[in-house]
């Protein structure tokens, strides 16, 4: 049996029967293998890239974990700071409440000070008014005393029709009856009308000088008045210094005391002794 070549197998025969040659199958396989190899290369490259990315992700995760740990530590510190701040805020509130209380006290003190200042001012005004009133009274008293120092009160001079006629009557008494050459500045009656004993109201005469008053009030002049004849129209006339109401009240009180003590002396038999009033 002679062989002229290698004959294809049954599979080859089948490929032939379907129109596929061996060369075509080989090319197809090679192409697929090359595709697979390329895919494997890409897969390897992708695997390496994924590995790098995984490593990077792992590094980032570690960084995140470290950050979380640091954040946790910072959170603890922050919590501690918050607690300190909260304590400081409470202390501040307490201080503010204390300051508010002190401010209220200061406000109350300020109001009291204003009220006290107002009271002091009012008291000062009242004191000033009182002092001015006393000063005016003092000036009036001095002025009144100055005016009274030249005045004499005549008791028992018959009342005339006018003040001028009273004026003439006093000058006649002084010049014609007492022999005194004294000029009278003015005269006026005490405006109280007739008293209970139907006597004429006292007549006040004001002179130009205090010396004239002293002459009229001396003992000799009073003696001459007391010894005028009973048929004389000036009989019973008496004189006295012009005193203020207060001085007259004091004089009356002293006179009553003198009378009481003189009565005691008379009762005890000491008739040679006598109380008198002296300035």
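In this note's numbering, the protein residues as written are 39 to 317. Backbone N, C-alpha and C fix where the C-beta goes; we use that ideal spot for every residue, glycine too.
Between the C-alpha atoms of residue i and residue j, what's the straight-line distance to the nearest angstrom?
i: residue 40; j: residue 81; result: At residue 40 the pLDDT is 49, less than 50, meaning the model places this residue with poor confidence and gives no usable figure here.
i: residue 312; j: residue 305; result: 12 Å
i: residue 104; j: residue 90; result: 21 Å
i: residue 145; j: residue 127; result: 26 Å
i: residue 157; j: residue 133; result: 35 Å
i: residue 229; j: residue 201; result: 12 Å
i: residue 142; j: residue 155; result: 19 Å
i: residue 284; j: residue 149; result: 47 Å
i: residue 86; j: residue 73; result: 19 Å
i: residue 286; j: residue 239; result: 16 Å
i: residue 124; j: residue 100; result: 35 Å
i: residue 96; j: residue 109; result: 19 Å
i: residue 75; j: residue 114; result: 57 Å
i: residue 122; j: residue 112; result: 15 Å
i: residue 297; j: residue 279; result: 21 Å
i: residue 94; j: residue 88; result: 9 Å
i: residue 172; j: residue 159; result: 19 Å
i: residue 290; j: residue 147; result: 57 Å
i: residue 102; j: residue 69; result: 47 Å
i: residue 129; j: residue 137; result: 12 Å
i: residue 263; j: residue 302; result: 31 Å
i: residue 84; j: residue 98; result: 20 Å
i: residue 309; j: residue 300; result: 9 Å
i: residue 78; j: residue 71; result: 10 Å
i: residue 271; j: residue 206; result: 14 Å
i: residue 164; j: residue 139; result: 37 Å
i: residue 131; j: residue 120; result: 16 Å
i: residue 169; j: residue 261; result: 46 Å
i: residue 65; j: residue 106; result: 59 Å
Considering only their Cβ atoms, is the gap separating residue j from residue i smaller than 8 Å?
i: residue 249; j: residue 225; result: no
i: residue 277; j: residue 222; result: no
i: residue 259; j: residue 216; result: yes
i: residue 282; j: residue 186; result: yes
CB of residue i to nearest heavy atom of the ligand NAD: below 7 Å?
i: residue 102; result: Only the bare structure without any ligand can be found here, which leaves the ligand NAD out of the picture.
Under 8 Å by Cβ, that's how I've got residue i and residue j pegged, so tell me the actual separation to the nearest angstrom.
i: residue 405; j: residue 241; result: Residue 405 lies beyond the stretch modelled for the chain, which goes from 39 to 317, so this question has no answer here.
If you compare alpha carbons, which of the options is closest to residue i?
i: residue 189; options: 287, 108, 254; result: 254
i: residue 204; options: 244, 174, 171, 83; result: 244
i: residue 214; options: 163, 266, 96; result: 266
i: residue 219; options: 125, 201, 247; result: 247
i: residue 295; options: 314, 262, 161, 66; result: 314
* Asked: Pairing CB atoms from the region 192 to 199 with CB atoms from the region 262 to 280, are three or more of them under 8 Å?
  -> Pairwise C-beta distances place the region 192 to 199 in contact with the region 262 to 280, as three or more of them are shorter than 8 Å.
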